[in-house]
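Report on one structure; see the data block that follows.
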Amino acid sequence: MRTWLVRGFTLGLLHGAVQTGIAAVNAHSPGAASSTRYIALALLVVVGVLWGALDAWRGMGGAGLVWFRAGLVAGPVAGVVGVAGRSLVDQTGLEALGSALTGGAAFTALLVMAAAGVGVAVGGRLPQPEGVPGEAGREEEVRGEARREGARRSGRVR
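Following the working numbering, the numbering of the sequence shown begins with -1 at its first residue and continues without gaps.
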């Protein structure tokens, strides 16, 4: 499966679950709702930053584009999951789906892209551990071996 699909669906499901949790807190304890929103938003940002930093630290090629696409997937997924989850908690109906798939999805996509972008920028500057090449290094090793094998087969190198 494409890496951006995995990241997009995972973060979309996480954002939808957080929306459902916030709705549950609002329904049962309205006084704690404002602090819960900030804590939930911080959690989502931390997850995006850490995952983006891990991708860059491992040497994933094109991490920025991967996270851009993941944000585009995460937005609508979070909207649908959030409305479905809230319908179980506070009787939110299908009338909320339109705003969840436009404004809510745009906010989620921007949140995923911005947090992961910060993570990619930070993770790219972290030192690589000794003896463990990143994914980009492994790709170069494989290409080099394939070139040597092709040269051997053609009789240029013995």
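In this text, a Cβ means the ideal position worked out from N, Cα and C, and glycines have one as well.
In its chain, beyond the 5 residues on either side, Val64, Arg67 and Ala68 have a beta carbon closer than 6 Å to the beta carbon of Trp2.
Under the three-pair Cβ rule at 8 Å, the stretch 39 to 50 counts as touching the stretch 104 to 119. In the structure shown, Leu9 adopts helical secondary structure according to DSSP, grouped into three states.
Short of 6 Å from the beta carbon of Ala51, and not among the five residues preceding or following it, lie these beta carbons of its own chain, in chain order: Gly117, Val120 and Gly121. When C-beta atoms of the stretch 82 to 101 are compared with those of the stretch 19 to 33, three or more pairs fall below 8 Å, so the two segments count as touching. Per the coordinates, the alpha-carbon of Gly29 lies some 12 Å from the alpha-carbon of Arg35.
Val75 and Ala31 have their C-alpha atoms spaced approximately 23 Å apart. For Leu95, the closest C-alpha among the options Leu48, Leu39 and Gly14 is that of Gly14.
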